[in-house]
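Colleague: Here the protein sequences line up with chains S and Y, keeping their order. Residue 287 in my numbering is what sits at position 287 of the first sequence, and the numbering runs on without skipping anything. Add 1000 to the 1-based position in the second sequence for my numbering, that's all there is to it. Positions of the beta carbon are idealized from the N, C-alpha and C atoms, including for glycine.
2 protein chains.
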Amino acid sequence: MTRTQDPVGPCTAGSGPAEPEVSGSAASGPATGAREWLELARDRWHPALRGAVDRLDPHMRQVAGYHFGWLDADGRPSDGAAGKGLRPGLALLVADALTGAPRDAVAGAVALELVHNFSLVHDDLIDRDQARHHRPTVWTVWDDTTAVLVGDAMLAIALEELALSGSPYAVAASVALLAATRELIRGQAEDVLFESRAEVSVEECLGMVAGKTGSLLAVSASMGAILTGADDETVAAFHTFGAELGLAFQIVDDLLGIWGTSEVTGKPVYADLAAAKKTLPVVYTLASEGEAGAGLREWFATRTARDAADPDDLTQAATLIEKAGGRSWAADQAAAHVRTALAALEPVALADAQRERLIELAHFVTRRSA
Amino acid sequence: MTRTQDPVGPCTAGSGPAEPEVSGSAASGPATGAREWLELARDRWHPALRGAVDRLDPHMRQVAGYHFGWLDADGRPSDGAAGKGLRPGLALLVADALTGAPRDAVAGAVALELVHNFSLVHDDLIDRDQARHHRPTVWTVWDDTTAVLVGDAMLAIALEELALSGSPYAVAASVALLAATRELIRGQAEDVLFESRAEVSVEECLGMVAGKTGSLLAVSASMGAILTGADDETVAAFHTFGAELGLAFQIVDDLLGIWGTSEVTGKPVYADLAAAKKTLPVVYTLASEGEAGAGLREWFATRTARDAADPDDLTQAATLIEKAGGRSWAADQAAAHVRTALAALEPVALADAQRERLIELAHFVTRRSA
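Put into structure tokens, the structure is as follows:
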């Protein structure tokens, strides 16, 4: 793409937070149950996802099957690592919590996973990301044309899945999902625009993250309520729950991108600093008064002249962010968004066990660094 | 995009047939009425299209407004040439013919125009087309990223328009539109794939055209029936009418691409030969036995060594196609598809005036060379 390859974009969320992989082992403590529930939920929505992809023509079906990890690049069955299925899992967990009938939300879960992956395929192309879940991205295996078209096709079958569901709430679910899709696109466009801007405020960066990560998690949670016929207040409560969880999710991802160990992230420590990503802790620090902020501005301004992989140089930047309070600010922000997420559920009538499960899921998503 | 820039693709439909422009003056005779009806229909669907685009964030709204011609590249009001609005016009004409209530199909008309233009924006990017309606395309004014994202956004608001319509037939209309969108994507993918293939049969080329042009015209006609609550037989009849019209439309466009005068097409005569497009008359000839077929195969194999703009060289190719029967075969095919289109309407109960209007529209679409 012709996008300016500015290595020092002022605010970025990457292509959405990297979900922990199925094969990972990072989660522990209170999150263990959530991991298992997401795996159980996968058994419900994954066959329907494959059914949706089967509606595509053979070429697009093969490319989509590769992207999702069940085919290799030659179309042979494969067992590639996939994402955790957080969005469809969340939809099914919410539906289960409200009515005990998660099946009512399966079409919505599939639509969410398809919209998420449509955006990943197009974002990988736009960002020229070469790998996802340790496998080459679609545009690298095929070409730009194929990446554009298979993303388009995934968005189409996402909406088709809802339209074919027979649910009396299919239209309401589509309205919610499409509003989120517009937000998702706004967030990605801002992410790219911000890269070529000299300064971006923390508020602008948070607005971008709300679009790019918050909007789809918001509708993932509310989808489970919409498709089980919940009232407007309940739908709104879960929407807030998901939106706030999404912000916390992204901020934790930003923290892990700097201080996460490779056991947790699969990447070396300081990975986002090595890539010069201006994530939220960085943007906060760059906008801050005082010596550490000035130091980080200088670090970014002069870094192309230095070795981008020098551990001491990266440690210096990380130390400046800590000194400016960027790390603790971001951690506080993440914790505050989790609190707001959980508070949104308080007025909702839920059995204790169901409420506890949603609380554990929130912790699973946002305490990956624990 | 990384697509191989093979100037001699074996089968292509360009980015769908070029619709006659609003400012054009090519139509005459029986088509005059159809041109006026399409303009009247535009008054009904165009405000709703602008309303749909207004749901986009300011940046995407500006880019979409530029693409549709009501903004210039700086976001100032403009009066750029737009397409004729054949797809939304067809939907409204069919609704009017069936119930006299075209307003029931306005949301569908807007959705069709948005899906058509989502595909144009992405196809312009994929095909690296620099101009559309004599204006620079989105990817040339902005960049590849913007073209990908605004296309995505148009597809999203297309479906959103139906979901927000309140129509009891919104789900059925979405199902039909999304099946056509999958076909549209299949057709575009095949168009690109065929370019790098040594040989493509006439049947394969017709299958590609059915996806790339036929599918959306089919659902344009059936949309007017679906959204007015017509029975399945009527919906199917209009689907066939639109699909056959689409095939005829593309074949006429292929003929005009070779023999059309600049007054009709806005391009020089032999334009598609100068661009080495292997459209249907060309593919037919290349696959044909005899001297003329062999001559055209030789012409294509050796043309990069010659002056691509030499009028004598282009005349030679056009003459070979005529000699092989490619021109008359294509004209016969177009006429046969128009006959099949009109025959599909025979069992449908329509007032004589309404039936006549649809017949005139079919002639308008397919007799632009008259």
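Using the beta-carbon of each residue, which ones in chain S are nearer than 9 Å to Y/Ile1185?
Modeller: Position 185 of the second sequence, counted from the start, is the residue given in the question as residue 1185 of chain Y. Leu56, Asp57, Met60, Leu149, Val150, Asp152, Ala153, Ala156, listed in chain order.
Colleague: Does the segment 170-186 of chain S come within contact of the segment 1161-1169 of chain Y, defined as at least 3 CB pairs closer than 8 Å?
Modeller: The segment 170-186 of chain S, when compared against the segment 1161-1169 of chain Y, does touch it at the 8 Å Cβ threshold.
Colleague: Do we get a CB-CB distance below 7 Å when we pair S/Thr181 with the residues of chain C?
Modeller: Among the protein chains in the structure shown, which are S and Y, there is no chain C.
Colleague: Does S/His134 pass the burial test, meaning 16 or more other C-beta atoms within 10 Å, or should it be called exposed?
Modeller: Taking the first sequence and counting its residues from 1, the one referred to as residue 134 of chain S is at position 134. It counts as exposed.
Colleague: In chain order, what residues of the same chain have a beta carbon less than 6 Å from the beta carbon of S/Glu322, not counting five sequence neighbours either side?
Modeller: Here residue 322 of chain S refers to the residue found at position 322 when the first sequence is read from its first residue. None.
Colleague: I need the boundaries of the alpha helix (DSSP H) containing S/Ser220, first residue and last residue.
Modeller: By 1-based counting over the first sequence, the position of residue 220 of chain S is 220. Note, S/Ser220: alpha helix (DSSP H), 215-226.
Colleague: Where does Y/Arg1132 fall in DSSP's three states?
Modeller: As a working note, residue 1132 of chain Y is residue 132 in the second sequence. Looking at Y/Arg1132 - three-state DSSP - the assignment turns out to be strand.
Colleague: Use the C-beta contact count for S/Ser328: other C-beta atoms within 10 angstroms, 16 or more gives buried, fewer gives exposed.
Modeller: Taking the first sequence and counting its residues from 1, the one referred to as residue 328 of chain S is at position 328. So S/Ser328 ends up on the exposed side.
Colleague: Run the CB neighbour count on S/Asp372, radius 10 Å, all protein chains shown included, and call it buried at 16 or more, exposed below.
Modeller: No answer is possible for residue 372 of chain S: the residues shown for chain S start at 1 and end at 370.
Colleague: Against chain Y, does S/His122 count as a neighbour if the rule is that its beta carbon must be under 7 Å from one of theirs?
Modeller: For the purposes of this step, residue 122 of chain S is taken as the residue at position 122 of the first sequence. Output row for S/His122: interface = yes.
Colleague: Where does Y/Pro1168 fall in DSSP's three states?
Modeller: Taking the first residue of the second sequence as position 1, residue 1168 of chain Y is located at position 168. The answer is coil: DSSP assigns Y/Pro1168 none of H, G, I, E or B.
Colleague: Mind listing, in chain order, the continuous alpha helix (DSSP H) runs of no fewer than 4 residues lying wholly within the segment 1169-1206 of chain Y?
Modeller: Listed in chain order, the complete alpha helix (DSSP H) runs (minimum 4 residues) inside the segment 1169-1206 of chain Y are 1170-1195.
Colleague: Between S/Ala101, S/Asn117, S/Ala107, which lies nearest to S/Gly83 when the distance is taken from Cα to Cα?
Modeller: For the purposes of this step, residue 83 of chain S is taken as the residue at position 83 of the first sequence. Ranking S/Ala101, S/Asn117, S/Ala107 by Cα distance to S/Gly83 puts S/Asn117 first.
Colleague: Assuming S/Gly89 and S/Ala48 make a contact with CB atoms under 8 Å, what is their CB distance in whole Å?
Modeller: For the purposes of this step, residue 89 of chain S is taken as the residue at position 89 of the first sequence. For the purposes of this step, residue 48 of chain S is taken as the residue at position 48 of the first sequence. About 13 Å separates the two Cβ atoms, so there is no contact after all.
Colleague: Kindly list the residues whose CB is nearer than 7 Å to the CB of S/Thr261, restricted to its own chain and excluding five residues on each side of it in sequence; keep chain order.
Modeller: Taking the first sequence and counting its residues from 1, the one referred to as residue 261 of chain S is at position 261. Contacts found: Val269.
Colleague: Specify, as a first and last residue, the run of the alpha helix (DSSP H) that Y/Arg1355 falls within.
Modeller: Your numbering for residue 1355 of chain Y matches position 355 in the second sequence. Start and end: 1352-1366.
Colleague: List, in order along the chain, the chain S residues whose C-beta lies closer than 7 Å to that of Y/Leu1114?
Modeller: Taking the first residue of the second sequence as 1, we reach residue 1114 of chain Y at position 114. Chain S residues near Y/Leu1114: none, gap ~12 Å exceeds 7 Å.
Colleague: Nearest-angstrom Cα distance between S/Glu233 and Y/Cys1011?
Modeller: As a position in the first sequence, residue 233 of chain S is number 233, starting the count at 1. As a position in the second sequence, residue 1011 of chain Y is number 11, starting the count at 1. Taking the straight line joining both Cα atoms gives about 55 Å.
Colleague: Can you name, in chain order, every residue of its own chain whose Cβ lies under 7 Å from the Cβ of Y/Leu1373, other than the five neighbours on each side?
Modeller: What the structure shows of chain Y is the stretch from 1001 to 1370, and residue 1373 of chain Y is not part of that stretch, so it cannot be assessed.
Colleague: Residues in its own chain within less than 8 Å of Y/Ile1157 by CB, not counting five upstream and five downstream?
Modeller: Taking the second sequence and counting its residues from 1, one reaches residue 1157 of chain Y at position 157. Answer for Y/Ile1157: Ala1052, Val1053, Arg1055, Leu1056, Leu1114, listed in chain order.
Colleague: Rounded to a whole number of angstroms, what is the C-alpha to C-alpha distance between Y/Asp1104 and Y/Ala1341?
Modeller: As a first step, residue 1104 of chain Y must be located in the second sequence, where it is residue number 104. As a first step, residue 1341 of chain Y must be located in the second sequence, where it is residue number 341. Cα-Cα distance, rounded: 24 Å.
Colleague: Between the segment 1283-1293 of chain Y and the segment 1197-1208 of chain Y, can you find at least three pairs of beta-carbon atoms closer than 8 Å?
Modeller: Enough Cβ pairs lie closer than 8 Å, so yes.
Colleague: Taking only heavy atoms of the ligand GTP into account, decide whether any of them is closer than 6 Å to the Cβ of Y/Gly1295.
Modeller: Inclusion of the ligand GTP in the displayed structure is not the case, the ligand content being empty and no account of it being possible.
Colleague: So which residues on chain S does Y/Leu1227 lean against when the C-beta distance must stay under 9 Å?
Modeller: Counting from one through the second sequence, the residue named residue 1227 of chain Y turns up at place 227. Within chain S, no residue comes near Y/Leu1227; the closest Cβ sits about 14 Å away, beyond 9 Å.
Colleague: Could you check which residue in S/Thr137, S/Ala309, S/Leu112, S/Ala107 has the C-alpha nearest to that of S/Gly69?
Modeller: As a first step, residue 69 of chain S is located in the first sequence; it is residue number 69 there, counting from the start. Measuring from the Cα of S/Gly69, the nearest candidate turns out to be S/Thr137.
Colleague: Since Y/Ala1189 meets chain S, which of its residues come closer than 7 Å, beta carbon to beta carbon?
Modeller: Within the second sequence, the letter at position 189 stands for residue 1189 of chain Y. Correct list: His59, Met60, Leu149.
Colleague: With a threshold of 8 Å, are at least 3 pairs of Cβ atoms found where one atom belongs to the segment 222-241 of chain S and the other to the segment 306-316 of chain S?
Modeller: Taking 8 Å as the limit for Cβ pairs, the verdict is that the segment 306-316 of chain S does not touch the segment 222-241 of chain S.
Colleague: At least one CB of chain S closer than 7 Å to the CB of Y/Ser1220: is that the case?
Modeller: Position 220 of the second sequence holds residue 1220 of chain Y. Not closer than 7 Å to any Cβ of chain S, the Cβ of Y/Ser1220 fails to qualify, so no.
Colleague: Does any residue of chain S have a CB that is nearer than 7 Å to the CB of Y/Ile1126?
Modeller: For the purposes of this step, residue 1126 of chain Y is identified with residue 126 of the second sequence, where counting begins at 1. Cβ-Cβ to chain S under 7 Å: yes for Y/Ile1126.
Colleague: When you compare each of Y/Ser1119, Y/Leu1149, Y/Thr1315, Y/Asp1043 to Y/Val1063 by their alpha carbons, which one comes out closest?
Modeller: As a working note, residue 1063 of chain Y is residue 63 in the second sequence. Of the listed residues, the one whose Cα sits closest to Y/Val1063 is Y/Leu1149.
Colleague: Chain S partners of Y/Thr1213, CB-CB under 9 Å?
Modeller: By one-based count along the second sequence, residue 1213 of chain Y stands at place 213. The contacting residues do not exist; Y/Thr1213 stays about 16 Å from chain S at best.
Colleague: Per DSSP, what are the beta-bridge partners of Y/Gln1077 in this structure?
Modeller: Counting from one through the second sequence, the residue named residue 1077 of chain Y turns up at place 77. Rather than Gln, the amino acid found at residue 1077 of chain Y in this sequence is Pro. Y/Leu1071.
Colleague: Between Y/Glu1190 and the rest of its own chain, which residues show a CB-CB distance below 6 Å, the 5 nearest in sequence each way excluded?
Modeller: For the purposes of this step, residue 1190 of chain Y is taken as residue 190 along the second sequence, with counting starting at 1. Here the set comprises Met1208.
Colleague: Given that a residue counts as buried once 16 or more other Cβ atoms are within 10 Å of its Cβ, and exposed if not, what is S/Thr315?
Modeller: On the first sequence, residue 315 of chain S is found 315 positions in, with the first residue counted as 1. Burial call: exposed.
Colleague: Taking 7 Å as the CB-CB cut-off, is S/Thr145 touching chain Y?
Modeller: Here residue 145 of chain S refers to the residue found at position 145 when the first sequence is read from its first residue. At least one chain Y Cβ lies under 7 Å of S/Thr145.
Colleague: Along chain S, in chain order, which residues have C-beta atoms closer than 8 Å to that of Y/Ala1170?
Modeller: As a working note, residue 1170 of chain Y is residue 170 in the second sequence. Val171, listed in chain order.
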